[in-house]
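Numbering (the working numbering), first residue to last: 75 to 253. The beta carbon of each residue, even a glycine, is placed where N, CA and C say it ideally should be. Here the structure is a predicted model, which means the values were calculated and not measured. What follows is one structure encoded as structure tokens, with my remarks underneath.
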């Protein structure tokens, strides 16, 4: 087993756009295959990719799933939606309890409709495009239910039926739930 790490400016093996601290544990399990594992607070250690000879393999979800609209990488199951009543600068956004095949950016404080939150942007491992964000912390105790949850911006993902969502010109600035 080999453990490698880095900091901003370095690149994680599975995602050239990763721009925050990262730790990757490489396990040589069978000839020429390496599993890249990334620890997460919400899920424990999850399998992000299996690489052979530099090729990236991603998790394929069974059932109705939301996918990156650019590269069709699976991101989340429709069954994992907590709420469809969130908004972002492009229109609708959905709150999920679990997503896969993403990496995270730097932690930042962001003012949203429901107050100040600590968030990290999430990026598709297939193409590196930003697909939403993860709530790390909510400053208001009424918003604590969001901590550890993920937002996928509907404009940036294809629905389970392959449908795309168009940008709403009436969208509010900032992002958060309708309440």
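Name the two residues that bound the continuous beta strand (DSSP E) containing residue 136.
It is not in any beta strand (DSSP E) - residue 136 carries neither H nor E in the DSSP assignment.
Leaving aside the five residues before and after residue 146 along the sequence, list all residues of the same chain whose C-beta is less than 8 Å from its C-beta, in chain order.
200 and 232
At what residues does the beta strand (DSSP E) containing residue 184 begin and finish?
176-186
Going by C-alpha to C-alpha distance, which of 136, 167 and 183 sits closest to residue 213?
The shortest Cα separation from residue 213 among 136, 167 and 183 belongs to 183.
CA-CA distance, residue 194 and residue 180?
In this structure, the alpha-carbon of residue 194 lies about 6 Å from that of residue 180.
CB residue 176 to CB residue 205, shorter than 8 Å?
A contact, by the Cβ cut-off of 8 Å.
Hey, residue 149 and residue 198 are a contact pair by Cβ (cut 8 Å); roughly how many whole angstroms apart?
7 Å
Beta-carbon separation of residue 228 and residue 137 under 8 Å?
no
Three-state secondary structure assigned by DSSP to residue 219:
Looking at residue 219 - three-state DSSP - the assignment turns out to be helix.
Pick helix, strand or coil for residue 144, following the three-state DSSP scheme.
coil
Between the Cα of residue 155 and the Cα atoms of 240, 236 and 226, which residue gives the shortest distance?
Measuring from the Cα of residue 155, the nearest candidate turns out to be 226.
When the Cα atoms are used, what is the spatial distance from residue 196 to residue 222?
12 Å
So, at 7 Å on beta carbons, what are the nonlocal neighbours of residue 170 in its own chain, with the 5 sequence-adjacent residues on each side left out?
150, 154, 155, 156, 223, 224 and 226
Enumerate in chain order the residues of its own chain whose CB-to-CB distance from residue 144 is below 6 Å, with the five nearest sequence positions on each side excluded.
201 and 203
Could you spell out where the beta strand (DSSP E) holding residue 199 opens and where it closes?
Premise fails: residue 199 is in no beta strand (DSSP E) and is neither H nor E.
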